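Q: Numbering-wise (my numbering), the sequence shown opens with residue 1426 and increments by one. We put the CB at the ideal spot given by N, CA and C, even for glycine. In this text the structure is predicted, and so the values were computed from the model without any measurement.
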Amino acid sequence: HFGSSSQFASSASMLAMPSRMASRSGLRVDKNHPRRMQAEDTSLSWMVQVGCASLVITLILTYFVRTLTNSLGCQIFAFLASTDSWTRIVGQDLPQPPQPYHYNEFMTWLRQADRRSFANLKWRPEVAEFDIDAAAKGKFGPYLQGPFGEEAISVTKGINKYIFLDDVMLSGQLDVVGAPGTHLYILRRLLEAAEGSSHPTFLDAGCGPGYLLMAWALGTGEGSRAVGIDVDAAVVASARRHLAATGTWDADVVRRPQDTKLEAFVGDALHPDGPAIGLPAGSVDAINLGLAVSSETALEDLAPLAQLLRTGGLLAAPICSPKGEQPSNLPKGKCAGLFEIFQKSDDGSLQRAPGDPDIPTKFIVALKPGETTGGSQGAPPLPESASLRGKR
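1) Express the C-alpha separation of L1484 and Q1474 in angstroms, rounding to a whole number.
2) Hey, how far is the Cα of G1703 from the Cα of V1601?
3) Cβ of D1592 within 7 Å of Cβ of S1663?
4) Below 8 Å on the Cβ atoms is my contact criterion, and I expect N1529 with I1611 to pass it. Report the Cβ-Cβ distance as a whole number of Å.
5) Please state if the CB of E1688 and the CB of V1661 are separated by a distance shorter than 7 Å.
6) According to DSSP, simplified to helix, strand and coil, what is N1529?
7) Name the residue from G1621, P1682, R1613, Q1776 whose alpha carbon lies nearest to the alpha carbon of E1576.
8) Please report whether the beta-carbon of L1763 lies at a distance below 7 Å from any beta-carbon of chain C.
9) Does P1523 pass the burial test, meaning 16 or more other C-beta atoms within 10 Å, or should it be called exposed?
10) By the 10 Å Cβ neighbour count, where 16 or more other Cβ atoms means buried, how is D1698 classified, buried or exposed?
11) Are H1667 and G1635 touching if we call contact CB-CB under 7 Å?
12) Less than 7 Å separating the beta-carbons of V1758 and V1790?
13) Mind pulling the beta strand (DSSP E) runs of 3 or more residues that sit fully within the segment 1729–1779?
14) Give the straight-line distance between the Cα atoms of R1680 and T1581, rounded to the nearest whole angstrom.
15) In whole angstroms, what is the alpha-carbon distance linking P1747 and G1707?
16) Helix, strand or coil: which one does DSSP assign to W1548?
17) Counting only the same chain and skipping the five closest in sequence on each side, list residues whose C-beta sits under 7 Å from that of D1781.
18) Taking the straight line between their C-alpha atoms, what separation do you get for T1722 and A1676?
19) Where does T1512 sit, in a helix, a strand or coil, going by DSSP?
20) When burial is assigned at 16 or more other CB atoms within 10 Å of the CB, is Q1683 buried or exposed?
This is the structure in C-alpha cells:
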C-alpha cells in the first residue's frame, strides 16, 4: 500500500536533508562570486525537486502496477474457477470439444471425432448418449408434446452433458446418469409441478452427477431450488463441482436464472433426512427417484418421499413388475417394469397422475437393508452393478 501522504512527506524530507546538513556543516560560499553561489544553490534545489518528483512518480507507478496485477490475477483466478470442469477435462487428457458449448457444434464434433482419441477412457462417449433430437423421436417422443415438452427439449440441448459425464468417462460407471430420453420425459412431466410456484423445489433422489438438478433450475427459472441426494460421496462431490462451474450450459439458448439454489448431499434416496437437507415436510413440488422399487411394496417404499411432497406435487419413479413377470435374461440387480408418475392427493396418499401412460422401462433396483445383490444409489453399490445401465 503506497497511498499515505505522510510517507510521501517523510521521503521528501529525507531527500531535502542534505541541503540543511550542508549549511550547518559550513558549506563554503565564495562571497566574491555571488553568481557561482546562486548557481550552486539553484542546482542543489533543482536536484532535490527532481528527486522528490521521481520518488513520487515511482511510488505512484508501483501502486498502479500492483493494483493492476492484483486485479488481473483475480480475473485469471475467476476465469480458471469458472472453467473448472474444462480445466479438469484437459488435465485428465480427455478429448476436448469446441468451446463455448453449443449443441449443434458439439454434436458435429462428436460425430467427426477420431475414436482413437477416446481409447484410454473406460467409457467412450457415444453419439446416442447426447443426441437429444434422436431421443425426442424415441419411445418417449409421443409424450413430449406441448409447451412442457418443448421446454424440456430446449433445456436439455442447452446443457453441456459432456462435462457432467467427465467422471463417467474415467470410471466407466454409466449407471450414475440417465439416458437422454428418460431425462426428457422426467422434465416434461415434472415441470408441470412448478407452475404457479414462486420457489419451485425439486428433489432428485439418486442424483448422480447432477444433470437433472441443473436442468430443473434452467427450466423453472428465478427462485428455484434443486436438491440432490446420493449414497456415493464421490458422486456427490462430482455433482457439486458440476453445479458450481459455469460454462456447463449454452448461454445463447438458456440463461442461468438468479437466486437459484443447487445442492447435493450424501444420503439414502429412499429415506432422505428432510430437515438435514433443508426440505421440511410438504415443501417439495417435484421428486424424481432414480431407482426402481417393487410393485408389491411401492407405496410403502415411496412413503418417506411422499411426506416431503406438497399436496398436488408430482413424483416420478420406476416400478418393477411382479417377480413372476420378470424376464429371465435381465442382469442381476435390474428389473423390468413401468415408469410411473404419482401425484400427492389431499389425504396425503400417492395416486397415479391423471392420464399417466404405461411406459415400459428397465431400471436398477433399490436395495433395502439386508439385501446383498444388485446396486443402487439408495444403498452402498456392489461391484456387479458397475456394468448395469439404469434409468432407461
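A: Looking at the coordinates:
1) 15 Å
2) 24 Å
3) yes
4) About 24 Å separates the two Cβ atoms, so there is no contact after all.
5) no
6) helix
7) R1613
8) Any reference to chain C falls outside this structure, which holds one protein chain only.
9) exposed
10) exposed
11) yes
12) Reading the sequence as shown, one finds Gly at residue 1758 and not Val. Cβ distance < 7 Å, so G1758 and V1790 count as in contact.
13) 1734–1745, 1759–1769, 1775–1777
14) 13 Å
15) 31 Å
16) coil
17) E1765, I1766
18) 44 Å
19) Its pLDDT being 45, under 50, T1512 is placed unreliably by the model, and the measurement read from it follows with that caveat. T1512: helix per DSSP, three-state reduction.
20) exposed
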